[in-house]
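Engineer:
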């Protein structure tokens, strides 16, 4: 049974940092592309960052060097380090897996809430 479980969300002040994690099980994690997405209230879900099985990364333009995606294949975990957070980053953050770039993300976690507010 495939499972993706996010953790690490919470409340952070503007300008602060947060790292969210996604623990995977039930599939060959090291072979999959992993992505982080987010959805803010009243907005469509958007792609934040991706990382290939070999560690190649891509980022949405709004990340602007503030976020870093990484993975630990030994722990079956993907991370998203978020720095210089602003209120516009407030959203539910989801991780998802795809068998390769260009394929549909077929497994999703339940999401973790990130709130940036003073």
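In the working numbering, the protein residues as written are -5 to 112. Glycine residues also receive a C-beta, built at the ideal position from the N, C-alpha and C atoms.
#1: Distance, Cα to Cα, residue 24 vs residue 101?
#2: What residues in its chain sit with their C-beta under 7 Å from that of residue 40, if we drop five residues either side in the sequence?
#3: Tell me the start and end of each unbroken alpha helix (DSSP H) in the region 23 to 56 that is at least 4 residues and wholly inside, in chain order.
#4: Between which two residues does the beta strand (DSSP E) carrying residue 88 extend?
#5: In or out: residue 117 buried (at least 16 other Cβ within 10 Å) or exposed?
Structural biologist: Answer, in terms of the structure:
#1: Taking the straight line from one Cα to the other gives about 15 Å.
#2: Annotation for residue 40: 31, 32 and 54 place their beta carbon closer than 7 Å to its own, counting only its chain and skipping 5 residues before and after.
#3: The alpha helix (DSSP H) runs lying completely inside the region 23 to 56 and spanning 4 residues or more number zero.
#4: Note, residue 88: beta strand (DSSP E), 85 to 92.
#5: With the chain represented from -5 up to 112, any question about residue 117 goes unanswered, as that position is not in the structure.
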